[in-house]
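Participant:
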Amino acid sequence: MTRSAQKKISIPVAGPAIRTFGRVRHFLPTVNEPGTQIRLDKRNLAIDPRYQRKLNEERVRRFSAAWNWLACGVIKVSKRPGKDGHYYIIDGQHRWAAAMRIEEIRDLPCIVFELESPKEEALGFLASNTEHRNPTMRDQYAALLMAEDPVAQRLEVHAKTAKRVVGAPADKLHISCVSLVMRFIREDDEILTAVWPLIADIAKDHPMHARLVSGVYGLERRLPNGISLSQARYGDRLRQIGNDSLLREIGNYCALEGTGGEKQCAMGVLRAYNNGLRQKLRADFDGVPGYGSNY
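Residue numbers (numbering that gives the first Met the number 0): 0 to 294.
#1: Residue range of the alpha helix (DSSP H) that S63 falls in?
#2: Nearest to G250 by CA position, among L237, G214, L179, S116, is which residue?
#3: Mark L69 as exposed unless 16 or more other C-beta atoms lie within 10 angstroms of its C-beta, in which case mark it buried.
#4: Could you check what DSSP says for I101 in three-state terms: helix, strand or coil?
#5: Closer than 8 angstroms is the cut-off here; do at least three beta carbon pairs connect the region 103-110 with the region 35-44?
#6: From Q92 to L269, what does the alpha carbon distance come to, in whole angstroms?
#7: According to DSSP, what are the bridge partners of T35?
#8: Alpha carbons only, please: which of R221, A45, M145, L237 is nearest the one belonging to I198?
#9: Counting only the same chain and skipping the five closest in sequence on each side, list residues whose C-beta sits under 6 angstroms from that of G275.
#10: Would Y140 and A151 qualify as a contact pair, given that the criterion is a beta-carbon distance under 8 angstroms?
#11: List the endpoints of the continuous beta strand (DSSP E) containing V76.
#12: Which residues in the same chain have their Cβ closer than 8 angstroms to the Cβ of A64, if we skip the five residues on either side of it in sequence?
#13: Confirm, please, whether the CB-CB distance from A265 to R298 is below 8 angstroms.
#14: May I ask you to report which of helix, strand or coil DSSP gives D283?
#15: Provide the residue span of the alpha helix (DSSP H) that contains D188, from first to last.
#16: Reducing DSSP to helix, strand and coil, say where A271 ends up.
#17: Within 10 angstroms of its Cβ, does V212 collect 16 or more other Cβ (buried), or is it exposed?
#18: Would DSSP call D47 helix, strand or coil?
#19: Return the residue from the list D138, E113, Q36 that minimises the CA-CA distance to P48.
#20: Between E119 and the ligand GTP, is there a pair consisting of the residue's CB and a ligand heavy atom that are separated by less than 7 angstroms?
#21: Mapping the DSSP letters down to three states, classify H85 as helix, strand or coil.
#22: List the DSSP bridge partners of H173.
#23: Measuring only the C-alpha atoms, how far is D170 from K203?
#24: Between which two residues does the alpha helix (DSSP H) carrying A146 extend?
#25: Indicate the three-state DSSP secondary structure (helix, strand or coil) for G21 in the structure shown.
#26: Go ahead and pull the three-state DSSP assignment for D90.
#27: Helix, strand or coil for D106? Go by DSSP, reduced to three states.
#28: Tell me the DSSP secondary structure of D204 in three-state form.
#29: Going by beta carbon distance, what residues of the same chain come within less than 8 angstroms of R100, once the five residues before and after it are set aside?
#30: Verify whether the separation of the beta carbon atoms of Q36 and I110 is less than 8 angstroms.
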């Protein structure tokens, strides 16, 4: 029996604010009252960086260089309880940032929602952006954390363990393969947790490549009971092989197969591990399904 055949950890959905329709997750604030449309002084608008995505300067430049009121539409904002005098932008921060650069613009058309907390605003951000366009999981991550999504919270724990930050760029300080790691957390966080320190060690001083994460995780879930890459005997050999050699072997095997899913990445790690050994490490690649996503 392989590791993946054991009991999985169940991670609950983060409360009633999240609805799932097919493969699409809809994030809905608990407040469901119509907003009020008014014009607001642009100086009274603010953003909360805890859940908003990072400003894209190129988008702001395009908006400000060719301002159009029809394209601007209305800015969705939250009127928080309190007396700081600011309305917090839920959707429209790039349009607002562009307007701040145009002296002639004094105020902006806004639709104001009275939300109870920044958490409600974060859920509003997710609802608005998921419906309008599909932001990357990196874009959604900060808002998911504020909305207390349990998968995002687990990823934050893993990131701290690896001494990295979730997001871009793909370098030695960040975890950029956000969607992939969150998928593995949902699938079997027990297995991911077992090999996560090993992945962090191998990728130390390197970008944490999706193929490495997928390969080590995928091999771990295919190993017989009682054997784990987290054990010193196996983990030390992978550390010795190193990040670059593992990625090279994974790439070679994916090229041979013509696809780069989790199963192929795991086979690449296994081939690198077994290279030159008389006593080969064995894994079950028939009884455990793999994913076909390319990395």
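C-beta atoms are modelled at their ideal positions from N, C-alpha and C, and glycine is treated no differently.
Facilitator: This is what the structure holds:
#1: Along the sequence shown, one-based indexing puts residue 63 at 64. 56-64 is the extent of the alpha helix (DSSP H) around S63.
#2: Residue 250 sits at position 251 when you count from the first residue of the sequence shown. For the residues L237, G214, L179, S116, the minimum Cα distance to G250 belongs to G214.
#3: The count along the sequence shown starts at 1 and reaches residue 69 at position 70. Flag for L69 reads exposed.
#4: The residue labelled residue 101 in the question sits at position 102 within the sequence shown. If DSSP states are grouped into helix, strand and coil, I101 belongs with coil.
#5: yes
#6: Locating residue 92 in the sequence shown gives position 93, where the first residue counts as 1. Locating residue 269 in the sequence shown gives position 270, where the first residue counts as 1. Going by the C-alpha atoms only, they are around 47 angstroms apart.
#7: Position 36 of the sequence shown, counted from the first residue, corresponds to residue 35. Paired residues: V111.
#8: Taking the first residue of the sequence shown as 1, we reach residue 198 at position 199. The residue with the shortest Cα to Cα distance from I198 is L237.
#9: By 1-based counting over the sequence shown, the position of residue 275 is 276. Around G275: no qualifying Cβ.
#10: Mapped onto the sequence shown, residue 140 falls at position 141. Mapped onto the sequence shown, residue 151 falls at position 152. Yes; because the gap between Cβ atoms is below 8 angstroms, this pair is in contact.
#11: Taking the first residue of the sequence shown as position 1, residue 76 is located at position 77. Its beta strand (DSSP E) spans residues 74-77.
#12: Position 65 of the sequence shown, counted from the start, is the residue given in the question as residue 64. No residues qualify anywhere along the chain.
#13: Residue 298 falls outside the range modelled here, since the chain spans only 0 to 294, and no answer is possible.
#14: Looking up residue 283 in the sequence shown gives position 284. D283: coil per DSSP, three-state reduction.
#15: As a first step, residue 188 is located in the sequence shown; it is residue number 189 there, counting from the start. First-last of the alpha helix (DSSP H) with D188: 177-201.
#16: Numbered from its first residue, the sequence shown carries residue 271 at position 272. Here A271 sits in helix by DSSP.
#17: In the sequence shown, residue 212 corresponds to position 213, counting from 1. With 16 or more Cβ atoms within 10 Å of its Cβ, V212 is classed as buried.
#18: As a first step, residue 47 must be located in the sequence shown, where it is residue number 48. Residue state, collapsed to three classes: coil.
#19: Residue 48 sits at position 49 when you count from the first residue of the sequence shown. Ranking the options by Cα distance to P48, first place goes to D138.
#20: The ligand GTP is absent from the structure shown, which contains no ligand whatsoever.
#21: As a position in the sequence shown, residue 85 is number 86, starting the count at 1. Coil, per DSSP.
#22: In the sequence shown, the residue the question calls residue 173 occupies position 174. Paired residue(s): V164.
#23: Locating residue 170 in the sequence shown gives position 171, counting from the first residue. Locating residue 203 in the sequence shown gives position 204, counting from the first residue. Rounded to whole angstroms, D170 to K203 spans 10 angstroms at the Cα level.
#24: Position 147 of the sequence shown, counted from the first residue, corresponds to residue 146. Here A146 belongs to no alpha helix (DSSP H), and DSSP marks it neither H nor E.
#25: Here residue 21 refers to the residue found at position 22 when the sequence shown is read from its first residue. The predicted position of G21 is uncertain, since its pLDDT is 41 and thus under 50; a value taken from the coordinates is nonetheless stated next. Looking at G21 - three-state DSSP - the assignment turns out to be coil, as it is neither helix nor strand.
#26: One-based indexing of the sequence shown puts residue 90 at position 91. Correct three-state label for D90: strand.
#27: Looking up residue 106 in the sequence shown gives position 107. Note: D106 maps to strand in three-state DSSP.
#28: Within the sequence shown, residue 204 is the residue found at index 205, counting from 1. Looking at D204 - three-state DSSP - the assignment turns out to be coil, as it is neither helix nor strand.
#29: Here the question's residue 100 lines up with position 101 in the sequence shown. So the list reads V59, S63, once near-sequence residues are dropped.
#30: For the purposes of this step, residue 36 is identified with residue 37 of the sequence shown, where counting begins at 1. For the purposes of this step, residue 110 is identified with residue 111 of the sequence shown, where counting begins at 1. Contact flag set, yes.
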